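To start, the structure under review is shown below, and the notes come after it.
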Amino acid sequence: MPDEPVHPGLFTDAGLIGGACGACGRRHFPMAVPCPWCRSDDVTTVTLSTEGRLWGWTAVTAAPPGYDGPVPYGFGIVSLPADGLQVVTRLTEADPSALHEGDAMRFTVVPLAPGTVTWAFGRA
Amino acid sequence: MTVSITGVGMHPFGRHALDATSMGVLAVRAALREAGTERFDAAFCGTAYGGVASGHRVLGALGLTGGPIVDIEAGCASGAAALSIAAGAIAAGQYEAVLVFGVEKMPKGIIRSSFFAPWQEAAGFSPAPGYFALRAQQLMRHSGATKDDLAAVVVKNRRHGASNADAMFQSCVTAPEVLASRVVCEPLHLWMLCSPNEGAAAVVLSSRPGGPGPVELKAAVLRSHVPGYVLNEGTPMCGLIGADPPTPSQMAAEAAYASAGVGPGDLDVVECQDTDAARELLAYEELQLCPAGGAADLLRSGATAIGGRLPVNPSGGLLSKGEPLGASALGQVVELVRQLRGECGARQVDGARVALAHTVGRGANASAVILTR
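Chains A and B supply the protein sequences, listed in that same order.
Numbering of the first sequence is given in my numbering, commencing with residue 5 and proceeding in unit increments.
Numbering of the second sequence is given in my numbering, commencing with residue 307 and proceeding in unit increments.
Structure follows, in structure tokens:
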């Protein structure tokens with residue numbers, strides 16, 4: 005049986021599933037109708053860029069409530085210039101000293117728990 | 307219409323055997339005693355974790371029901387939201403006297419919030435200290451603040467709180483001790499984060515002056531976030547590159563200054579949201595206590611310590627008191643009323659006449675409250 009994503013509609017192996025607004029031209033994540041920036045219902049699904057740059061990073065050393073995955077885990081913000089977005093994301097690197105502002109980052113799918121996967125960004 | 311604060315009361319913030327209702331009873335009784343009357347036209351109760359009818363339970367225990375009693379939730383700003391609504395009702399002539407209080411009893415550790423969807427919790431997107439850490443990193447990048455500065459905020463506030471009988475922690479700490487506490491989320495160490503805890507605070511508002519000292523509520527403003535910024539307090543999953551809207555704290559402060567007819571240069575004392583040490587430095591900039599990028603310089607100048615030009619968090623802040631969400635913002639107001647009356651003993655800010663309280667938190671609600679005597 006293939007691994008299940010932590011939640012449907014967030015990502016595929018090809019990347020994050022975002023929304024592209026036909027009215028304001030901006031993208032968002034996760035996919036949502038109406039557009040969270042301009043409230044238009046003219047939103048179509050788009051696969052976001054898998055290449056980005058690191059903007060913010062830390063490591064979470066204690067499991068927050070409702071989380072049963074591994075700790076520590078990398079946590080941060082990656083800029084996706086092709087989409088005009090900055091996304092909050094897990095990072096594959098859990099040692100903050102190994103990361104630097106502007107590092108090239110790439111989308112990947114990672115195990116979260118037995119039978120469950122989620123997405124993360126790691127250094128390209 | 308002038309709105310006066312005629313009485314304040316508090317149950318110490320910390321860990322207690324009492325339930326939230328009992329703590330609320332003690333805080334409300336103390337505030338009404340100061341006001342010299344048990345008469346009020348309405349009651350607003352700030353709470354985030356209290357459950358249905360938290361305010362009713364407190365006033366039911368005191369036999370003070372009959373008028374409207376409304377619970378108000380606005381995350382960390384819940385108590386200030388209650389204050390804002392009460393002050394507006396008095397200013398509009400709807401009520402002459404309003405009781406505002408907040409009660410909370412929270413579990414230890416990272417705050418669990420229904421704000422996050424179950425999948426966000428499961429996937430690791432609910433670590434409040436993680437978001438604080440990302441914000442701290444951005445602040446350090448643009449202001450030149452260092453980890454030593456973050457430790458210095460903790461040292462300052464714990465020193466202030468050492469003489470506050472209402473604080474959870476009443477002891478001084480050193481910078482090496484702060485930096486030796488374990489890293490929760492780099493760059494934030496455990497002692498740089500406030501503790502969610504328990505407590506209650508109460509304030510009596512009136513259209514007429516009264517109580518132990520003439521304190522006026524000049525402004526009580528609430529604002530929420532503008533979409534676009536990835537690090538806004540609403541913890542969105544994404545933001546727009548280059549989007550730089552004003553923060554809810556900036557908007558609340560600007561509106562409060564305009565409403566009160568005072569500017570940041572008029573302030574004598576400030577209580578601000580030091581959920582983590584970096585959050586206090588960010589507040590310096592958002593409240594216009596210093597120019598953008600100037601927070602670390604302001605801290606290093608000593609201006610924000612008691613004895614300095616503009617003491618910030620003379621109560622010891624949330625880093626000393628802890629943060630019972632529904633009561634937290636009113637705890638700040640209790641401290642500032644006592645400062646304006648000159649009742650604060652070892653932590654008194656001499657001659658304080660104009661004071662500002664600031665809170666910000668989940669839901670991206672921020673408040674700014676201005677008091678004068």
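Cβ coordinates follow ideal geometry from the N, Cα and C atoms, glycine included.
Bear in mind the structure is a predicted one, so any value in this text is a computation, not a measurement.
| Check | Outcome |
| --- | --- |
| Check for me: the beta strand (DSSP E) holding A:W59 runs from which residue to which? | E55 to V64 |
| Among residues of its own chain, excluding the 5 on either side of B:A598, which ones have a beta-carbon nearer than 6 Å to its beta-carbon? | E591 |
| Which residue marks the beginning of the beta strand (DSSP E) containing B:T327, and which one marks its end? | First-last for B:T327: A326 to A341, but that is the alpha helix (DSSP H), not the beta strand (DSSP E). |
| Could you confirm whether any beta carbon from chain A is found closer than 9 Å to the beta carbon of B:I547? | yes |
| Where does A:M109 sit, in a helix, a strand or coil, going by DSSP? | strand |
| Bridge partners for A:P115 per DSSP, in chain order? | A:V121 |
| Does the beta-carbon distance from B:A395 to B:A558 come in below 9 Å? | no |
| Give me, in chain order, the residues of the same chain whose beta-carbon lies closer than 8 Å to that of A:G19; leave out the 5 immediate sequence neighbours on both sides. | T51, L52, S53, T54 and F111 |
| How about A:G22 and A:F125: do their beta carbons lie closer than 9 Å? | no |
| Hey, B:A451 and B:L587 are a contact pair by Cβ (cut 8 Å); roughly how many whole angstroms apart? | 6 Å |
| Could one say the Cβ of B:F303 lies closer than 9 Å to chain A's Cβ atoms, at least one of them? | As shown, chain B starts at 307 and ends at 679. That puts residue 303 of chain B outside it, with no answer to give. |
| So which residues on chain B does A:S83 lean against when the C-beta distance must stay under 7 Å? | I547 |
| Identify the contact partners of B:G436 in chain A, using a Cβ-Cβ distance below 7 Å as the criterion. | T62, V64 and F79 |
| Determine the chain B residues that contact A:V10 at a beta-carbon separation under 8 Å, and present them in chain order. | W425, A428 and A429 |
| In angstroms with no decimal places, state the Cα-to-Cα distance between B:C478 and B:A468. | 6 Å |
| Is the distance from the Cβ of B:A508 to the Cβ of B:G622 below 9 Å? | no |
| Going along chain A, which residues have a C-beta under 9 Å from B:C478? | Here the premise fails: no neighbours, minimum Cβ distance about 26 Å. |
| So B:A481 packs on B:A457, CB below 8 Å; how close in whole Å? | 4 Å |
| Report the CB separation of B:A388 from B:I375 in whole angstroms; it is logged as a contact under 8 Å. | Not confirmed; about 11 Å, so no contact. |
| Name the one or two DSSP bridge partners that A:Y77 has. | A:V64 |
| Can you pull the chain B residues whose beta carbon is under 9 Å from the beta carbon of A:P34, in chain order? | M543 and C544 |
| Pop quiz: B:G430 and A:P68 are said to be a contact at Cβ under 8 Å. What is the actual Cβ separation, rounded to whole angstroms? | 7 Å |
| To which residues of the same chain is B:Y640 closer than 6 Å at the C-beta, ignoring the five residues directly before and after it? | The residue you asked about is not Tyr; residue 640 of chain B is Val in the sequence shown. Result list for B:V640: V314, M316 and A507, in chain order. |
| Do B:T553 and B:V459 have their CB atoms nearer than 9 Å? | no |
| Taking 9 Å as the cut-off, decide whether the C-beta atoms of B:R668 and B:G540 are in contact. | yes |
| Take every Cβ of the segment 350-357 of chain B, pair it with every Cβ of the segment 629-646 of chain B, and state whether three or more of those distances are shorter than 8 Å. | yes |
| Considering only the alpha carbon of each residue, which of B:A359, B:V461, B:P515 and B:P502 lies closest to B:E340? | B:P515 |
| Could you give the distance in angstroms between the alpha-carbon of A:S101 and the alpha-carbon of A:V121? | 26 Å |
| Using the C-alpha atoms, what's the distance from A:V113 back to B:C596? | 44 Å |
| So the candidates are A:L58, A:D87, A:G73 and A:P40; which of them puts its Cα closest to the Cα of A:I81? | A:L58 |
| Thinking C-alpha only, which one of A:G73, A:D87 and A:G60 is nearest A:P134? | As displayed, chain A neither begins before 5 nor continues past 128, which places residue 134 of chain A out of reach and without an answer. |
| Just list the residues that DSSP pairs A:T16 with in beta bridges. | A:G19 |
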